[in-house]
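For the sequence shown, the positions run 61 to 384 when our numbering is used.
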Amino acid sequence: MAISTLRKADSQSQSGALGKILTNSALLQAGAWLGGIFQENGDAAVRIPLAVRGFSSRLSDVPIPDWPFGPSGAETDEALRLFVEAGALAECDGALCCTDDGRGLLAAIQLMYQRDRERIWERIPWLTRAAAGKRVLDAGCGLGAYSLLFRDLGAQSVIAMDYSPLRLGTVGQMADACGGGVSPMRSSVEAIPLATGSIDLIFSRVVIPYVHQVRTMQESARVLARGGRALLILHAAKFYWGQLRRFGLRPGLIGERARASLGLAGGAAFSLLGVEPHWKLRKIGFYLSYQTRGAFSRLAERCGLKIDSWESNGDKPIACLSKP
């Protein structure tokens with residue numbers, strides 16, 4: 061199929077094409093490959109035959125997989141057609157470029173592909189039991205990959221909460237393409253607009269390192285019901301050291317190196333002194349830290365939560381908590 065024959069579809073066909081992508085493992089892998097291409101270079105253009113090999117991204121600690129089909133041929137044509145129909149790609153001068161909406165979609169597909177490689181619900185079996193028939197809050201849901209997972213695990217309700225309206229727009233688009241069952245909510249995790257004790261399971265993937273930990277944990281404890289559980293994926297100091305090694309002295313990555321250094325300093329300040337510095341970089345204020353088992357356990361206990369287990373898990377520790 062020539063690229064010139066590919067055309068974006070109407071909204072109904074767009075949702076149908078996205079649904080096919082999100083429910084097919086090979087197409088998720090294709091989307092993760094495309095997402096990596098445009099993450100590395102937002103102005104990139106994809107041409108047939110494709111360079112199908114995966115690669116390591118300078119901006120991500122997760123390797124980009126191989127394109128799952130051939131450099132050309134019917135399977136590759138059909139896959140690219142679906143991504144165009146879904147609104148992620150558009151024709152540009154005989155090639156395919158990423159659309160504005162497509163950046164969020166491809167990033168979300170990357171996360172879904174990564175989620176299905178991690179398979180955290182198999183490594184932590186209680187997670188499935190805690191979600192089935194229960195009220196779940198995906199706190200700081202990002203692009204909603206795990207919100208969709210909890211919907212698929214049989215949750216009674218799933219609230220996908222994030223502060224970014226752009227990310228929530230992508231969450232809604234993906235949920236609609238897969239049959240709904242997820243309720244986007246715009247809010248900060250530091251002030252959750254939900255009733256006390258209204259949530260049975262809180263999930264949060266690498267959100268705590270980027271927010272005020274004390275306020276966030278107090279709010280999480282408040283909305284969690286008695287007997288409720290929480291699974292929090294955090295950052296270890298090793299995560300930021302890895303970033304510094306990966307960024308090296310490459311031109312154009314000064315800001316990224318500075319943020320990694322601040323993450324190390326913020327984690328040390330909280331772990332040793334209980335202080336949460338509010339950093340400012342390029343006139344933007346933010347929190348950034350890593351978590352240790354000792355300091356985080358003390359924080360959880362002050363908020364009325366109990367740490368049931370702590371999995372070191374390399375760069376990203378996993379804390380499993382409950383509310384007695």
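From the three backbone atoms N, C-alpha and C, an ideal C-beta is built for every residue, glycine too.
Because the structure is a prediction, the values reported are computed rather than measured.
On the criterion of 16 or more Cβ atoms from any shown chain inside 10 Å, does Ala77 qualify as buried, or is it exposed? Position 17 of the sequence shown holds residue 77. Its Cβ being crowded by 16 or more others within 10 Å, Ala77 is buried.
Between the CA atoms of His295 and Pro377 - distance to the nearest angstrom: As a first step, residue 377 must be located in the sequence shown, where it is residue number 317. As a first step, residue 295 must be located in the sequence shown, where it is residue number 235. For Pro377 and His295, the distance between alpha carbons rounds to 6 Å.
Does the stretch 153 to 163 come within contact of the stretch 173 to 193, defined as at least 3 CB pairs closer than 8 Å? no
Just how far apart, CA to CA, sit Asn373 and Gly302? Taking the first residue of the sequence shown as position 1, residue 373 is located at position 313. Taking the first residue of the sequence shown as position 1, residue 302 is located at position 242. Their backbone Cα atoms lie some 14 Å apart in a straight line.
Residues near Phe299 in its chain [Cβ-Cβ closer than 7 Å; skip 5 each side]: The residue given as residue 299 occupies position 239 in the sequence shown. Same-chain partners within the cutoff: Tyr350, Asp375, Lys376.
Identified DSSP bridge partners for Glu371: Numbered from its first residue, the sequence shown carries residue 371 at position 311. Answer is Ile378.
Ile262 to Pro131, Cα distance in whole Å? For the purposes of this step, residue 262 is identified with residue 202 of the sequence shown, where counting begins at 1. For the purposes of this step, residue 131 is identified with residue 71 of the sequence shown, where counting begins at 1. Cα-Cα distance, rounded: 42 Å.
Whole runs of the alpha helix (DSSP H) within the stretch 114 to 154, excluding any shorter than 4 residues: 134 to 145
Does the pairing of the stretch 348 to 365 with the stretch 268 to 276 give three or more beta-carbon distances under 8 Å? yes
Check the DSSP bridge columns for Phe346 and list the partner residues they point to. Taking the sequence shown and counting its residues from 1, one reaches residue 346 at position 286. Note: Phe346 sits in a beta bridge opposite Trp339.
Assign Glu196 to one of three DSSP states: helix, strand, or coil. Taking the first residue of the sequence shown as position 1, residue 196 is located at position 136. Correcting the residue identity first, residue 196 is Val in this sequence and not Glu. Looking at Val196 - three-state DSSP - the assignment turns out to be strand.
Neighbourhood of Gly288 by C-beta distance below 6 Å, restricted to the same chain and skipping five residues each side: The residue given as residue 288 occupies position 228 in the sequence shown. Same-chain partners within the cutoff: Asp260, Lys383.
Cβ-Cβ distance between Ala192 and Gly214 below 8 Å: In the sequence shown, the residue the question calls residue 192 occupies position 132. In the sequence shown, the residue the question calls residue 214 occupies position 154. Contact: yes.
What's the gap between the Cα of Gly385 and the Cα of Gly241? Missing from the structure shown is residue 385; the chain here goes from 61 to 384 and no further.
Whole angstroms are fine: how far does the CA of Cys363 sit from the CA of Leu94? Your numbering for residue 94 matches position 34 in the sequence shown. Your numbering for residue 363 matches position 303 in the sequence shown. Computed Cα separation, rounded: 42 Å.
Can you tell me whether Ser85 is buried or exposed, with buried defined as 16 or more other CB within 10 angstroms of its CB? Locating residue 85 in the sequence shown gives position 25, counting from the first residue. Result: exposed.
Using the DSSP secondary-structure output, state which residues sit across from Lys366 in a beta bridge. Position 306 of the sequence shown, counting from 1, holds the residue named residue 366. Beta-bridge pairing links Lys366 to Ser382.
Exposed or buried, what is Ala43 when buried is set at 16 or more other beta-carbons lying within 10 Å of its beta-carbon? Nothing about residue 43 can be reported from this structure: the residues present for the chain run from 61 to 384 only.
Do you know whose CA, among Asp121, Leu324, Gly202, Leu304, lies nearest Ser224's CA? Within the sequence shown, the letter at position 164 stands for residue 224. The shortest C-alpha separation from Ser224 is found at Gly202.
So the alpha helix (DSSP H) Ser85 belongs to, where does it begin and stop? The sequence position of residue 85 within the sequence shown is 25, counting from 1. Start and end: 85 to 100.
Endpoints, alpha helix (DSSP H) assigned at Ser243: As a working note, residue 243 is residue 183 in the sequence shown. Segment 243 to 246 is the beta strand (DSSP E) holding Ser243; no alpha helix (DSSP H) there.
Using beta-carbon positions only, say whether Ile219 and Ser248 come within less than 8 Å of one another. Within the sequence shown, numbered from 1, the residue matching residue 219 stands at position 159. Within the sequence shown, numbered from 1, the residue matching residue 248 stands at position 188. Cβ atoms of Ile219 and Ser248: not closer than 8 Å.
Between the beta-carbon of Leu40 and the beta-carbon of Leu292, is there less than 8 Å? The chain is shown from 61 up to 384; residue 40 falls before or after that span and cannot be answered.
If you compare alpha carbons, which of Arg107, Ala105, Lys340, Ala168 is closest to Ala92? Against the sequence shown, residue 92 aligns to sequence position 32. Among Arg107, Ala105, Lys340, Ala168, the Cα nearest to that of Ala92 is on Ala168.
How about Trp339 and Leu333: do their beta carbons lie closer than 8 Å? Reading the sequence shown from its first residue, position 279 is the one you call residue 339. Reading the sequence shown from its first residue, position 273 is the one you call residue 333. No, Cβ-Cβ distance for Trp339 and Leu333 is not below 8 Å.
Look at the alpha carbon of Leu304 and the alpha carbon of Phe330, and state the distance between them as a whole number of angstroms. Along the sequence shown, one-based indexing puts residue 304 at 244. Along the sequence shown, one-based indexing puts residue 330 at 270. Between Leu304 and Phe330, the C-alpha separation is close to 20 Å.
CA-to-CA distance, Cys380 to Thr256, given in whole angstroms: Counting from one through the sequence shown, the residue named residue 256 turns up at place 196. Counting from one through the sequence shown, the residue named residue 380 turns up at place 320. Taking the straight line joining both Cα atoms gives about 20 Å.
State the start and end residues of the unbroken alpha helix (DSSP H) segment that holds Asp161. For this step, residue 161 is matched to residue 101 along the sequence shown. It spans 160 to 178 - the alpha helix (DSSP H) in which Asp161 sits, taken as one unbroken run.
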